[in-house]
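Asker: First the structure, which I've put down as C-alpha cells, then a few questions once you've had a look.
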Amino acid sequence: MPNDSFYFSIVRDPGTLGESAFSYFRAAAPAFRNSPSLDAFLASPSRFFRPGIRGNHYARNLQWFDFGLPEPGAPEEIPGILAGLERVFPLVLLAENFDESLVLLRHRLCWPPDSVDLFPHNSRGSAREVSPTQIRQLRAWNSLDWALYSHFNRSFWRHAERFGLRRLRREVAEIRQRRRVLAAKCLRGGGPVPAQAIPDGNLRPFQPPGGGKILGFALKEGLEGEERELCGRLAMPELPYKDLLERRQFGPNNGTAA
Numbered sequence: 407m408p409n410d411s412f413y414f415s416i417v418r419d420p421g422t423l424g425e426s427a428f429s430y431f432r433a434a435a436p437a438f439r440n441s442p443s444l445d446a447f448l449a450s451p452s453r454f455f456r457p458g459i460r461g462n463h464y465a466r467n468l469q470w471f472d473f474g475l476p477e478p479g480a481p482e483e484i485p486g487i488l489a490g491l492e493r494v495f496p497l498v499l500l501a502e503n504f505d506e507s508l509v510l511l512r513h514r515l516c517w518p519p520d521s522v523d524l525f526p527h528n529s530r531g532s533a534r535e536v537s538p539t540q541i542r543q544l545r546a547w548n549s550l551d552w553a554l555y556s557h558f559n560r561s562f563w564r565h566a567e568r569f570g571l572r573r574l575r576r577e578v579a580e581i582r583q584r585r586r587v588l589a590a591k592c593l594r595g596g597g598p599v600p601a602q603a604i605p606d607g608n609l610r611p612f613q614p615p616g617g618g619k620i621l622g623f624a625l626k627e628g629l630e631g632e633e634r635e636l637c638g639r640l641a642m643p644e645l646p647y648k649d650l651l652e653r654r655q656f657g658p659n660n661g662t663a664a
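So my numbering is basically just the index in the sequence shown, starting at one, shifted up by 406.
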C-alpha cells in the first residue's frame, strides 16, 4: 500500500462478541462444538479449549488474533503492543456505536453523506440476551480482547470529543433518518426478514452450520433502474458483495482458466 494509506478497523466488546462467536462459529471451533452450551463452556473453558487446534482461534481472543498481535509474555507488555497498533490504525470503530463510527469514518475519508447509507446486516432472528455474569466471564476468558477493546473504546471517544459530540449526535440522527427513508422505499416489510422469506437467492445471507438464523432483506416488487440497483446494493449480503467488488477490481474472468 502507498505510504500515506489510511488504515481503520472495528472492535466489539468481547462480553457480547463471545456469545455471538459461540453461535456463529459453533461448527468451525472444536472448543465450541464439543461444549453442550455457552454456560457449560464458560463454567470450565479449559475443559473444552485446546490452543493450537485448527478453528479454536475463534474461541478465545479472536480480535487479538485477527489483528495479528503477539501473545504478550507479561501483562505489562500489553499497553505497548496496543500503542503500536494504534499507530498503524489511527481510527478504530466501535460495533456498539456503529452509526457514530460511520460519521467519524466518513469525515476522515472525505466521503459525501450518502456514502455511509446502509442497512445493518448479519442480525440474528433469535439472538439470546447475555447476562451480566456471562459478560464478566466472557471478558475474563477473552482478557486480551477486553484489553484491546478497552484501549480503542477510550481512543474512539477522544476522537468523538475532538469532532464535537453535539455535531456527532446531529449527523447520527441524519444517517438514521435517511436509513428509515431508504427502508420504506426499498424493503418489503421495512426491515430484516428470515432468509427463507427472500425470493432473490443472491440476497439470502449465508447461514452458518449449527448457528443462529441470520436475517436478510427482501426488496419490494416493482423497483426499476437506478432505484433497483441502489436498493439491491443496500440489501446485498457481504459474500455476494465481495464477489461484486472482485469483479469490479479484477474483471469478470478473475480466477477462471484462460
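From the three backbone atoms N, C-alpha and C, an ideal C-beta is built for every residue, glycine too.
These numbers come from a predicted model, not from an experiment.
Please state the DSSP three-state secondary structure of F525.
Answerer: In the sequence shown, counting from the first residue as 1, residue 525 sits at position 119. In this structure, F525 counts as coil in the three-state DSSP scheme.
Asker: Which runs of the alpha helix (DSSP H), 4 residues or longer, sit entirely within the segment 612-653?
Answerer: 631-641
Asker: Whole angstroms are fine: how far does the CA of K626 sit from the CA of L609?
Answerer: Reading the sequence shown from its first residue, position 203 is the one you call residue 609. Reading the sequence shown from its first residue, position 220 is the one you call residue 626. Roughly 13 Å separates the two Cα atoms.
Asker: Using a Cβ-Cβ cut-off of 8 Å (strictly less than) and excluding sequence neighbours within five positions of N659, which residues of its own chain qualify?
Answerer: On the sequence shown, position 253 is the one that residue 659 refers to. So no residue of the chain qualifies.
Asker: Would the segment 501-510 and the segment 412-424 be scored as touching if the rule is three or more Cβ pairs under 8 Å?
Answerer: Of all C-beta pairs linking the segment 501-510 to the segment 412-424, three or more are shorter than 8 Å, placing the two stretches in contact.
Asker: Do three or more CB pairs link the segment 505-516 to the segment 532-544 at distances below 8 Å?
Answerer: No, the segment 505-516 is not in contact with the segment 532-544.
Asker: What would DSSP say about I416, mapped onto helix, strand or coil?
Answerer: Here the question's residue 416 lines up with position 10 in the sequence shown. Strand.
Asker: Using a Cβ-Cβ cut-off of 7 Å (strictly less than) and excluding sequence neighbours within five positions of A664, which residues of its own chain qualify?
Answerer: The residue you call residue 664 lines up with position 258 of the sequence shown. Its pLDDT being 40, under 50, A664 is placed unreliably in this model, and the value from its coordinates should be taken loosely. So no residue of the chain qualifies.
Asker: Can you tell me which residues form a DSSP beta bridge with L500?
Answerer: For the purposes of this step, residue 500 is taken as residue 94 along the sequence shown, with counting starting at 1. Checking the DSSP bridge columns, you'll see L500 partnered with V417.
Asker: Tell me whether the beta-carbon of F623 lies closer than 8 Å to the beta-carbon of L588.
Answerer: Start at 1 with the first residue of the sequence shown, and residue 623 comes out as number 217. Start at 1 with the first residue of the sequence shown, and residue 588 comes out as number 182. L588 is positioned such that its CB atom lies no closer than 8 Å to that of F623.
Asker: Report the CB separation of D465 from F473 in whole angstroms; it is logged as a contact under 8 Å.
Answerer: The residue you call residue 465 lines up with position 59 of the sequence shown. The residue you call residue 473 lines up with position 67 of the sequence shown. Reading off the sequence shown, one finds Ala at residue 465, where the question assumed Asp. That belief does not hold up - the Cβ atoms of A465 and F473 are roughly 17 Å apart, past 8 Å.
Asker: In chain order, what residues of the same chain lie with their CB nearer than 8 Å to the CB of P481, ignoring the 5 residues before and after it?
Answerer: If you number the sequence shown from 1, residue 481 lands on position 75. Closer than 8 Å at Cβ, skipping near neighbours: no residue.
Asker: Relative to the C-alpha of D523, which residue among L645, V599, P442, G638 is closest?
Answerer: Looking up residue 523 in the sequence shown gives position 117. Checked all of L645, V599, P442, G638; the closest Cα to D523 is G638.
Asker: For F412, which residues in the same chain have their Cβ closer than 6 Å to its Cβ, ignoring the five residues on either side in sequence?
Answerer: The sequence position of residue 412 within the sequence shown is 6, counting from 1. Once the five neighbours on either side are set aside, F412 has no close Cβ partner at all.
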